[in-house]
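Participant:
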């Protein structure tokens, strides 16, 4: 997308002077010629070139050279005079003030065939002699007129850079901001550290650095004189206009701003207390040169329809689409930009169609969710207009509100209709119903799956009695709506949340119940729950001061929570050596079990000898990995089974130690379901501990995983449920914890969602609290409390639409969630 924008601005962008606001133009010979020939018939035209001396020549020497070249007249102080006369009057010290060389005198005659060639030749000569400048004098309605033309790209004394693709490229030294080198931020005074709580006013102490007996003088000076320039000292900082914030930093004749304050600290940095104070407020901050646009200033002087390229990339995609659809262009620019505009609007339309209209083009890719990244790739594929390709999409509905599902289906069908094959791995009911062909794999998971249960169209699937998909979609099986909602008295309250698009929210988060936070994509759910609630609670519980306040107050029964855990879909453990058995601490008991076997005791094998992470019993050729990595240089690395241990990770003598005819490698190769059956039948104390450790994996629908399965083979949803199982394994004796889950149903069939809900209920029964960010209707209808954000995404979101029970939200007309939940609630 940005490549097309760069081309558009390079081809039809107009440069405007920041001083006068006039358009900067480079006049070509043809432009000036056309101007002269369009003047009225019989107009007398004079073409001048500004007279400038070259090097050490005097004006007199310059005129003598011009006289020899065939020029005969100059305009001096408004009068045209012959050069010979001027040469007699001037000396070698005379300066060339108000002197213009007369290039040609022309009378406009539209019937004269050779006039155009003569005018063009004279204009070219004038540009050459005037070092890129010329002046034309003529009369209009008897009034003398002049017109200035420049062959150089400058105005108001500024030499501008002509629009080019590189000028708009922040990855190129030519276009990148020189101060931040195209990164958009630098190490400097961080506004968020200086003003940690923007909900406070200047009077109430918003500026953290203006506290204390000595530093308070800066604040008092502002308060004393604020009435003189109408500065609102009682208004919260986040409500100040950009001009008022700028004034607070730059200051004026009445008070010193924050910039002056920190400059004075730097001047006294030889004192340790000032160095310490400066370090307290340093951090990554927006580059003051480019204001975070990453481009040199010249790039933002170039505009299309009044917008710079930086303005465009900061607009939401739906706003950008509207702008380019209605962009006013003249006939010539429209002809040049027609194809580019088609490519831009088509891609923007695709991005809007897949539910991403709330994003901006300059959104860092690292901040995108997995679902957003996948849908951007989908829109990119549509924009490339490839045909005859096969697209395989893994849950494109991740992070998508049901309201936008139909738009996604249209996009998928469009991809099909232009001649492609589209394969979608999906659990979303509407997408399954819209498929031309459904392939259902099952009937269960793990060892009990892997069979083709059904292939055909949806109408045929409905009659299938084996498929869980069919059973749930036809209502023959379903997740029951709870008979009673849990009531709550204790809560945590966030007041004045305003980060990103949140609009000064006040919200109560109930404790000891299942709370679901809903809302369309981009409405502010993750900002509220993860960026504000989780980060602030984490700091509070760790006894840390909040360095980045995004809200006014965090109140309520915070003391009823001992820990807060954010259960995301990142891989478990720190390396690929992690597996379900090690993560749930079951492997400690398994190693102890093998160390207690007679052969192990005879050979003095300690529990560590049965670890594949440390030297001893592991295979040293593969270092306990079971595979050997082969680096392929320019291709992806490949992994081959280790020849020494045949992929079993341990030395042969270690594998000789058996527990009930199974080696340590055999145990790691068991599925969770198999391991529970195997260890339960032994009825020993150690075996009982192992079962208690791994049973939560079965309870959360992960019975098909192998105990030794590498973490890098697990999906995000599986990793998230393993983390959930870890906390379930701790039982009721663990400290009261607030668990936060971000879309835990990702990758889950509706049959597995019922198991997930059972796990949630078990956590709550153990005295914990759960907050879930979710779009899935099965989870929402099972909640005790629902908080719905919206009404839309991006700037049109960030408000509380509804707070209450699922039964109440279905009656909320403003809530999209309520409309889609109504069907599930029956």
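Numbering (full-length UniProt numbering), first residue to last: 1 to 826. We put the beta carbon where it would ideally sit given N, CA and C, even for glycine.
Give a single yes or no on whether residue 154 has its beta carbon closer than 7 Å to a heavy atom of the ligand GTP.
Facilitator: The ligand GTP is not part of the structure shown, which contains no ligands of any sort.
Participant: DSSP three-state call for residue 358: helix, strand or coil?
Facilitator: Residue 358: coil per DSSP, three-state reduction.
Participant: If distances are taken between C-alpha atoms only, which option among 603, 627 and 203 comes closest to residue 616?
Facilitator: Of the candidates 603, 627 and 203, the one whose C-alpha sits nearest the C-alpha of residue 616 is 603.
Participant: Is the stretch 748-765 in contact with the stretch 468-483, if contact means three or more CB pairs nearer than 8 Å?
Facilitator: Contact between the stretch 748-765 and the stretch 468-483 is present, because at least three Cβ pairs lie under 8 Å.
Participant: May I have the straight-line CA-CA distance separating residue 507 from residue 824, to the nearest angstrom?
Facilitator: Going by the C-alpha atoms only, they are around 26 Å apart.
Participant: Going along the chain, which residues of its own chain have a beta-carbon closer than 8 Å to the beta-carbon of residue 702, five neighbours each way excluded?
Facilitator: Within the same chain, residue 702 has close Cβ partners 580, 672, 718, 721, 722 and 725.
Participant: Pull up the distance between the alpha-carbon of residue 657 and that of residue 578, whole angstroms please.
Facilitator: When rounded, the distance between both Cα atoms is 23 Å.
Participant: Using a Cβ-Cβ distance under 8 Å, would residue 102 count as near chain B?
Facilitator: Absence of chain B from the displayed structure is noted, only one protein chain being present.
Participant: Is DSSP giving residue 547 helix, strand or coil here?
Facilitator: Since pLDDT at residue 547 reaches only 49, below the 50 mark, its modelled position is unreliable, and no value is offered.
Participant: In the structure shown, what three-state DSSP assignment does residue 478 receive?
Facilitator: Looking at residue 478 - three-state DSSP - the assignment turns out to be coil, as it is neither helix nor strand.
Participant: Let's test the definition: count the other Cβ atoms within 10 Å of the Cβ of residue 1 and tell me whether it reaches 16, buried, or not, exposed.
Facilitator: By the neighbour-count rule (16 or more Cβ atoms within 10 Å), residue 1 is buried.
Participant: State the CB to CB distance for the pair residue 554 and residue 576, rounded to an integer number of angstroms; the pair is presumed to be in contact (CB under 8 Å).
Facilitator: Not really, about 38 Å apart at Cβ, beyond 8 Å.
Participant: How big is the Cα-Cα spacing for residue 42 and residue 150?
Facilitator: Each residue's alpha carbon lies about 25 Å from the other.
Participant: Report all residues from its chain with a CB closer than 7 Å to the CB of residue 560; omit the five preceding and five following residues, and keep chain order.
Facilitator: Excluding sequence neighbours, residue 560 sits near 490, 511 and 736.
Participant: Residue 412 and residue 440: beta carbons closer than 8 Å?
Facilitator: Cβ atoms of residue 412 and residue 440: not closer than 8 Å.
Participant: Closest to residue 597 by C-alpha separation, out of 584, 627 and 686, would be which residue?
Facilitator: The residue with the shortest Cα to Cα distance from residue 597 is 686.
Participant: Pairing CB atoms from the stretch 323-334 with CB atoms from the stretch 20-32, are three or more of them under 8 Å?
Facilitator: As far as the Cβ criterion goes, the stretch 323-334 does not touch the stretch 20-32, which means the pair count is below three.
Participant: State the Cα-Cα distance for the pair residue 367 and residue 527, rounded to the nearest angstrom.
Facilitator: Going by the C-alpha atoms only, they are around 11 Å apart.
Participant: In chain order, what residues of the same chain have a beta carbon less than 7 Å from the beta carbon of residue 362, not counting five sequence neighbours either side?
Facilitator: For residue 362, where only same-chain residues beyond five positions count, the Cβ hits under 7 Å are 313 and 314.
Participant: For the stretch 485-542, list the beta strand (DSSP E) runs that are entirely contained and at least 3 residues long, ordered along the chain.
Facilitator: Runs found: 491-497, 505-510 and 514-519.
Participant: To the nearest angstrom, how far is it from the Cα of residue 397 to the Cα of residue 432?
Facilitator: Distance between the alpha carbons of residue 397 and residue 432: 11 Å.
Participant: Look at the Cβ atom of residue 200, then the Cβ atom of residue 237, and state whether they are nearer than 8 Å.
Facilitator: Taking 8 Å as the Cβ cut-off, residue 200 and residue 237 qualify as a contacting pair.
Participant: Is residue 456 helix, strand or coil when you go by DSSP?
Facilitator: Note: residue 456 maps to strand in three-state DSSP.
Participant: Helix, strand or coil for residue 751 per DSSP?
Facilitator: Looking at residue 751 - three-state DSSP - the assignment turns out to be helix.
Participant: Are residue 105 and residue 46 closer than 8 Å when you measure CB to CB?
Facilitator: Yes, the Cβ-Cβ distance between residue 105 and residue 46 is below 8 Å.
Participant: If you reduce the DSSP assignment to three classes, tell me which class residue 249 lands in.
Facilitator: Helix at residue 249.
Participant: Work out the CA separation of residue 771 and residue 488 for me, nearest whole Å.
Facilitator: Cα-Cα distance, rounded: 14 Å.
Participant: Is residue 299 helix, strand or coil by DSSP?
Facilitator: Helix, per DSSP.
Participant: On the DSSP letters alone, give me the boundaries of the beta strand (DSSP E) that residue 145 sits inside.
Facilitator: Run containing residue 145: 143-150, per the beta strand (DSSP E) assignment.
Participant: Return the CA-CA distance between residue 547 and residue 186, expressed in angstroms with no decimal places.
Facilitator: Below a pLDDT of 50, predicted positions are generally treated as unreliable, and residue 547, at 49, falls in that range; the measurement from the model is reported next regardless. So the alpha carbons of these two residues sit roughly 19 Å apart.
Participant: Are the beta-carbon atoms belonging to residue 529 and residue 769 less than 8 Å from one another?
Facilitator: Not a contact, by the Cβ cut-off of 8 Å.
Participant: Buried or exposed for residue 805, going by 16 or more other Cβ atoms inside 10 Å?
Facilitator: Residue 805 is exposed by the Cβ-count criterion.
Participant: From this set, 782, 692, 295 and 153, which residue's C-alpha is nearest residue 127's C-alpha?
Facilitator: Residue 127 has its Cα closest to that of 153, out of 782, 692, 295 and 153.
Participant: Going by C-alpha distance, which of 590, 169 and 391 is nearest residue 669?
Facilitator: Among 590, 169 and 391, the Cα nearest to that of residue 669 belongs to 590.
Participant: Looking only at its chain, what residues have a beta carbon closer than 7 Å to the beta carbon of residue 203, apart from the 5 residues adjacent to it on each side?
Facilitator: Closer than 7 Å at Cβ, skipping near neighbours: 223, 233 and 234.
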